[in-house]
Every structure is written in structure tokens, then in C-alpha cells.
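In this note's numbering, the protein residues as written are 1383 to 1543.
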């Protein structure tokens, strides 16, 4: 997925935070919880400069990043969510064969799908503590991914710089 921001071109790990009420829940015979979740969206999103690893400005400066719908909803982007690991919180590194046992709490059950400005993914949460967190009201979901950012100053379709 490509995104545009006011800074140098680079590829980094980012997280996309979305909060909304999880209204649909399905339980498996094994006690796992299946829920849909909004994990990404198109449009302008704000990050702190330190989250984007920008060292040419105050680390707490807010930076607008525009994610065009054609990038967010590109077929390869949506397919990349298939069978991805679900974590509780943001691990400091990507989940892989070496970190799986430490961070994974479940997995996604297919590719992402567009829903308005959002990408929605069905998640199978297998970890009891993570299930309890969702049942207790945890609703902030986040996708962590590597993203190539390009400096292309401009104005988003909604008028945001």
C-alpha cells in the first residue's frame, strides 16, 4: 500500500488504529471468537513524526498522511490480510516464525474487503485473554504492516493538506 506524507520517501512499519463497536460475534465449538473488524481505511490519517521515523522535525509534530482508495483497496493489498496474525496491542516487530508464539492471538479468515472507506477483515481470536478483552469492551483494532511512503505534498480530495 502506498501513502503520501510530507517527508522523505521510505518504507517503515506503521499501525492503523480504528475504533468501533464490535456488534457481530460468533463462537466456534472450540470456544474461539469470530468477529469482523475494521483494520484500515483510506483518506487522511494523522501520525506523530516519531511514528513515521521522521528526524527532521519535532518528534511530536502531527503529520498528515493521505492513503488513496485505489491503494488501500488494491487487490494485492486486500489479499495481504488473508491468514494474517491477530495480536493484542502493537508488538514492536512484525509477527513471523520466530515471534509467532510471543505475539499471535489468532488469525484472519480471508482477505480484506471494502466497506465504505474501511477495510474489514474477519478475525478468529483464539487466545482466552484476548477473547476476554473483546468481551470486556476492547474495540480498538489495528493492522500493522510495512508501507512505502512517498513525499508528494498536496491536497486530499476532502481538502486536507
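By construction, the Cβ of each residue, glycine as well, lies at the ideal position given by its N, Cα and C atoms.
Residue i (DSSP reduced to helix, strand or coil)
{"i": "residue 1461", "result": "helix"}
{"i": "residue 1415", "result": "strand"}
{"i": "residue 1534", "result": "coil"}
{"i": "residue 1430", "result": "strand"}
{"i": "residue 1392", "result": "Here the model assigns residue 1392 a pLDDT of 49, short of 50, so the residue's position is not dependable, and the following value carries that caveat. In this structure, residue 1392 counts as strand in the three-state DSSP scheme."}
{"i": "residue 1516", "result": "helix"}
{"i": "residue 1408", "result": "strand"}
{"i": "residue 1445", "result": "strand"}
{"i": "residue 1421", "result": "strand"}
Straight-line gap, residue i to residue j (C-alpha atoms, nearest Å)
{"i": "residue 1465", "j": "residue 1533", "result": "31 Å"}
{"i": "residue 1428", "j": "residue 1434", "result": "10 Å"}
{"i": "residue 1461", "j": "residue 1492", "result": "8 Å"}
{"i": "residue 1484", "j": "residue 1432", "result": "25 Å"}
{"i": "residue 1503", "j": "residue 1450", "result": "19 Å"}
{"i": "residue 1499", "j": "residue 1443", "result": "26 Å"}
{"i": "residue 1477", "j": "residue 1454", "result": "21 Å"}
{"i": "residue 1410", "j": "residue 1515", "result": "17 Å"}
{"i": "residue 1418", "j": "residue 1468", "result": "12 Å"}
{"i": "residue 1441", "j": "residue 1413", "result": "43 Å"}
{"i": "residue 1389", "j": "residue 1436", "result": "At residue 1389, the pLDDT of 46 sits below 50, so the modelled position is not reliable and the matter cannot be decided from this model."}
{"i": "residue 1549", "j": "residue 1501", "result": "Any property of residue 1549 remains undetermined from this structure, which presents the chain solely from 1383 to 1543."}
{"i": "residue 1407", "j": "residue 1415", "result": "7 Å"}
{"i": "residue 1456", "j": "residue 1528", "result": "15 Å"}
{"i": "residue 1424", "j": "residue 1535", "result": "17 Å"}
{"i": "residue 1420", "j": "residue 1439", "result": "31 Å"}
{"i": "residue 1463", "j": "residue 1479", "result": "17 Å"}
Beta carbon of residue i nearer than 7 Å to that of residue j
{"i": "residue 1458", "j": "residue 1487", "result": "no"}
{"i": "residue 1505", "j": "residue 1490", "result": "yes"}
{"i": "residue 1512", "j": "residue 1470", "result": "yes"}
{"i": "residue 1426", "j": "residue 1537", "result": "no"}
Pick from the options that is closest to residue i, judged by C-alpha positions
{"i": "residue 1531", "options": "1408, 1406, 1439, 1445", "result": "1445"}
{"i": "residue 1540", "options": "1447, 1529, 1456", "result": "1447"}
Please give the ranges of any alpha helix (DSSP H) in the region 1465 to 1513, keeping only runs that are unbroken, at least 4 residues long and fully inside the region. Within the region 1465 to 1513, the complete alpha helix (DSSP H) runs of at least 4 residues are 1482 to 1485.
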